[in-house]
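Going down the list, the protein sequences come from chains A and B.
Counting from 1, one number per residue, gives the positions in the first sequence under my numbering.
Counting from 445, one number per residue, gives the positions in the second sequence under my numbering.
Reviewing the structure listed below.
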Amino acid sequence: MTLLRLLTPAILALSILGLGLPGAAQAQDGPLRIEITEGVIEPLPFALPTFIAENPEAQEWAQRISDVVAADLTGTGLFRRIPRDAFVTDVTEFTPSVTYANWKAINAQALITGAVNVSGDQINVKFRLFDVFSEAPLGEGLQFGGTSGSWRRLAHKVSDAVYSRITGETGYFDSRVVFVSEQGPKNERQKRLAVMDYDGANVQYLTDSSSIVLAPRFSPDGTRVLYTSYETGFPQIYEMNVGTVSRIPLQVPAESMTFAPRYAPDGRTVVFSASIGGNTDIYAVQPGDTPRQLTNAPSIETAPSYSPDGSQIVFESDRSGTPQLYIMPAGGGEPRRISNGAGRYGTPVWSPRGDLIAFTKQNAGRFHIGVMRTDGSEERLLTASFLDEGPTWAPNGRVIMFTRESAGAGGQPALFSVDVSGRNLTQVNTPNAASDPAWSPLLP
Amino acid sequence: MTTLRAALVLTAILGLSACSNPDRFGSGNPGDGMPFDPNAPGMNGAGDITSGVLDPASPEYFRQSVGDRVLFAVDQSTLNDAGRAALSAQAQWLQSNPGYTAIIEGHADEQGTREYNLALGARRAASARDYLVSQGVSSSRLRTVTYGKERPLEVCSTEACYAKNRRAVTVIAAGAALS
């Protein structure tokens, strides 16, 4: 079937992610030994003629939107844009039919055409996707509209639709990332909460640098952010409304220092760590309620993260002597250890798909971002560096963003992303040094 | 002796900046293990400075002469002999100067995740606090805070720096007992 031919490279890539076939790193049988192999996959070539401007005002927007769509797709590592000077013909009309031979001739497997119309502050974008080798449109034409201020979102929506149709997966381009923007020397870092588009555009600051802020996390609906601030002089969790930037302290146990918050999938319950008298345990709280203690051990219990169905919590504990990963029922109860390799494991984060847990691993003087199944099997390390930590999942569970910090007196953190296969390691552009990213859900 | 006094006066003055730091962490100000140069101008021990001797009841004296910190092994929060000796001296000073309260900061080196290091810093601060209490300091005068790996004293990425960053620092604050 020709559709399959069109889809082969991308689908192959994604099925590799899912099944751990050759190309992805694989856990070995017997004594746990991890091999990282970077599967080389040929990106799917697509043609994206600059979208047609339907009126003169649309000229500039058509160019910009086309560029962002192309950047979204090529940025995945799954697609390759065919340069325009290779085209046999250009597209001058936004029509439901195209001359497939012209695109076959340059080996384009997908053709994306579009048109942009501007009326006042309103922008409308239409696009069509064609499967060149099967000579058929892939899905209906679609149209998105918004104000000029949201033009990048319109582009990301086109990209999400294209990605989704070709891969069968939900996209992740129309999403935001909350993070900590950093400036100043290592022993006097100034930190500010900030939010940006997934690709680093549209940075907005949510706090000033008067207090240390750490590890923000989005609510499941993307409207609120939990984070830790030292504004009282002690670490304390706050919840901020991203729209109004107003914030309230989380209800926490008395005499505690609190950090490592995360929302439950219900968007109301918050799980977090509280240090009381030097001992750190995990608590959960619902609005207006008193916090409930979920772990009770003299060891460190921290970095809790809910399963997508809200029934379980994965967390980090050093009860065995070194930090390892454990899963317990969401209401507390006997935890079972899931990490079994050499080294120290931390910051587990449950994939939005439910199938994998991403984590930070420290072993033999190096840090890694890795993934494992929820029973601890099939551990794969995706990255290695002096200091990688704090993974966050793209809304579709296919990409992980994390903090990578360089060594030495001039060491600086930056945000990186990597495929769950370990491919396509890319730095995310931020205006300053940056750490602690947390991905939003796909925007509505 | 005059040299030492002069140096203490100087570092006491320089050290004032620590008190106005909004994040209030016991950072590496001059005197915190930073060797001064006895041959530097004004510090030559010529005996021309006769006033401004550091008051033994001052927080500066505590920092400079008593010693405000203890160090820890990797991942550990247990005190070694040197740590216990330092904290005993701190306890003595706190007993002699009952008008002061203290905040004990726990810190970690950069090896380890942010969240684990916050918990580890809390353990270290509590370990120092518990020892001070065991030496007779009222727990109502002591409060702890963790900075995890957020405020390293030394910025290199080798054990030489890490060893100094794994610390608990007793920061003296004036005033009534903390609630």
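By construction, the Cβ of each residue, glycine as well, lies at the ideal position given by its N, Cα and C atoms.
Within the same chain, Cβ atoms closer than 7 Å to the Cβ of residue 109(A) are found at 6, 44, 45, 46, 132, 133, the five residues on either side in sequence being excluded.
Here residue 59(A) carries a helix assignment [DSSP, helix/strand/coil]. Scanning its chain for C-beta atoms nearer than 6 Å, with the 5 sequence neighbours on each side dropped, one finds around residue 257(A) the residues 234, 235, 275, in chain order. Assigned with DSSP and collapsed to three states, residue 326(A) falls in strand. Close CB contacts of residue 98(A) within its chain, under the 8 Å cut and outside five residues either way in sequence, are with 91, 111, 113, 130 (chain order). Residue 117(A): member of the beta strand (DSSP E) spanning 110-119, first to last residue.
DSSP places residue 74(A) in the helix class (H, G or I) of the three-state scheme.
A contact between stretches requires three or more CB pairs, one per stretch, nearer than 8 Å, and the region 408-418 of chain A fails this requirement with the region 143-159 of chain A. For residue 263(A), the enclosing beta strand (DSSP E) has its first and last residue at 257-263. A straight line joining the alpha-carbon of residue 497(B) with that of residue 509(B) spans about 12 Å. The three-state reading of DSSP puts residue 170(A) in coil, since its state is none of H, G, I, E or B.
Under the three-state reduction of DSSP output, residue 615(B) falls in the strand class. According to DSSP, residue 183(A) shares a beta bridge with 190(A). Residues of chain B with a Cβ closer than 8 Å to the Cβ of residue 168(A) do not exist, since the nearest Cβ in that chain sits about 34 Å away. For residue 303(A), the CB contacts under 8 Å within the same chain, skipping 5 residues up- and downstream, are 260, 273, 315, 316, 346, 347, 348 in chain order. Counting the other Cβ atoms within 10 Å of the Cβ of residue 611(B) gives 16 or more, which makes it buried. Here residue 248(A) is exposed, its C-beta having fewer than 16 other C-beta atoms within 10 Å. Contact between residue 434(A) and residue 181(A) holds: CB atoms are separated by about 6 Å, below the 8 Å threshold. Under the 8 Å criterion on CB atoms, residue 106(A) is classed as non-interfacial with respect to chain B.
At a beta-carbon threshold of 8 Å, none of the residues of chain A lie near residue 505(B); the nearest stands roughly 24 Å away.
Going by C-alpha positions, residue 194(A) is about 10 Å away from residue 242(A). Of all residues in the region 257-272 of chain A, those with a C-beta nearer than 7 Å to a C-beta of chain B are 257, 259, 260, reading in chain order. Taken atom to atom, the span from the alpha-carbon of residue 127(A) to that of residue 405(A) is near 40 Å. For residue 241(A), the enclosing beta strand (DSSP E) starts and ends at 236-241. Residue pairing by DSSP places residue 345(A) opposite 361(A) in a beta bridge. Taking C-alpha positions only, residue 399(A) is separated from residue 160(A) by approximately 14 Å. Sorting 354(A), 299(A), 216(A) by C-alpha distance to the C-alpha of residue 520(B) places 299(A) at the top.
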